[in-house]
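Student:
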Amino acid sequence: MPRQLSFDLPAKTALGREDFFVSPANALAVAMISATSWPGNKLVLSGPTGAGKTHLAHVWAAETGGRIVQATTLRYDDVPELAQAPIAVEDIPNIAGDMDQQKALFHLHNLVLAEGHALLMTGRLAPKLWQLPLPDLQSRVEGAHHVALDPPDDALLGAVLAKLFLDRQLNPSPDVISYLVKHMDRRFETAADTVAQLDQLALSEKRDITRALAVRVLNSDVNSVDADD
Numbered sequence: 150m151p152r153q154l155s156f157d158l159p160a161k162t163a164l165g166r167e168d169f170f171v172s173p174a175n176a177l178a179v180a181m182i183s184a185t186s187w188p189g190n191k192l193v194l195s196g197p198t199g200a201g202k203t204h205l206a207h208v209w210a211a212e213t214g215g216r217i218v219q220a221t222t223l224r225y226d227d228v229p230e231l232a233q234a235p236i237a238v239e240d241i242p243n244i245a246g247d248m249d250q251q252k253a254l255f256h257l258h259n260l261v262l263a264e265g266h267a268l269l270m271t272g273r274l275a276p277k278l279w280q281l282p283l284p285d286l287q288s289r290v291e292g293a294h295h296v297a298l299d300p301p302d303d304a305l306l307g308a309v310l311a312k313l314f315l316d317r318q319l320n321p322s323p324d325v326i327s328y329l330v331k332h333m334d335r336r337f338e339t340a341a342d343t344v345a346q347l348d349q350l351a352l353s354e355k356r357d358i359t360r361a362l363a364v365r366v367l368n369s370d371v372n373s374v375d376a377d378d
């Protein structure tokens, strides 16, 4: 049964399993998140911004009793407590410039696995491209099973846009999403930016979100007047 997808946005989002739209672009990642065990008890989930990494991390944490932390918040003194349950560490490449946080993650990696718990790690790119200066840590993330969220197909991109509008409590005309799917750059970041621009433009002009407004945003012509609105 198709489900909708939620993303890392400033607007209020839903992060439950029932809110996630499954398509061929993400089906493998969903299957791995749902698996009862992973090789070596660890998994790397990669994908572009907005692809659903945080959403899937929340689904996994809810189903396993795990915790979620940002890599940039890791502190060595917190590791013993964090290692007492399954844990997801998000956006690991962001600590490539901080050796103390890399050492904390290295310690957490070893201890959480020693305690028999699972470790989920996320980043935009494949782990071999994370370029973590701590060699022992880099080798361990590369040794994890890796699954990627692929660029969106039509069904997923349409669900992305529908959920982004819903998160902002917007109700575009029915032809807006189909037009955007056909004509916009097929990236999750673009979908989020486009919906935000439509929201801002509709609010500033006190207008409904229509296909003509979507044409203006995609053409970056937000100052024009549409005769066919």
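At the far end of the sequence shown sits residue 378, using the working numbering, and the numbering has no gaps. Virtual Cβ for every residue (Gly too), placed ideally from N, Cα, C.
1) Reducing DSSP to helix, strand and coil, say where Arg365 ends up.
2) Measure the CB-CB distance between Arg335 and Leu306 and report whether it falls below 8 Å.
3) So what does DSSP say about Ser195, is it helix, strand or coil?
4) Below 8 Å between beta carbons: does that hold for Gly215 and Ile236?
5) Could you give the distance in angstroms between the alpha-carbon of Thr359 and the alpha-carbon of Ser183?
6) Whose C-beta lies closer than 6 Å to the C-beta of Leu223 among residues of the same chain, with five residues either side of it excluded?
7) I need the boundaries of the alpha helix (DSSP H) containing Gln233, first residue and last residue.
8) Apart from the five residues on each side of it in sequence, which residues of its chain come closer than 6 Å, Cβ to Cβ, to Glu291?
9) Taking the Cβ atom as the reference point for each residue, do Leu350 and Val330 lie within a distance shorter than 8 Å?
10) Per DSSP, Met270 forms a beta bridge with which residues?
11) What does the Cβ neighbour count give for Asp316, buried or exposed, with the cut at 16 atoms within 10 Å?
12) Could you give the uninterrupted runs of the alpha helix (DSSP H) lying entirely in the region 279-314, keeping only those of 4 residues or more?
13) If you count every other CB in all the chains shown that lies within 10 Å of the CB of His207, and 16 or more means buried, which is it?
14) Going by beta carbon distance, what residues of the same chain come within less than 7 Å of Ala234, once the five residues before and after it are set aside?
15) In three-state terms, what does DSSP make of Val218?
16) Quick one: grab the DSSP three-state call for Asn259.
17) What is the DSSP secondary structure of Lys355, counted as helix, strand or coil?
18) Given that a residue counts as buried once 16 or more other Cβ atoms are within 10 Å of its Cβ, and exposed if not, what is Arg356?
Tutor: In short:
1) helix
2) yes
3) strand
4) yes
5) 38 Å
6) Gln250, Ala253 and Leu254
7) Element bounds for Gln233: n/a, residue is neither H nor E.
8) Pro276 and Lys277
9) no
10) Val193 and Val238
11) buried
12) 284-291
13) buried
14) Gly214, Gly215, Arg216 and His266
15) strand
16) helix
17) coil
18) exposed
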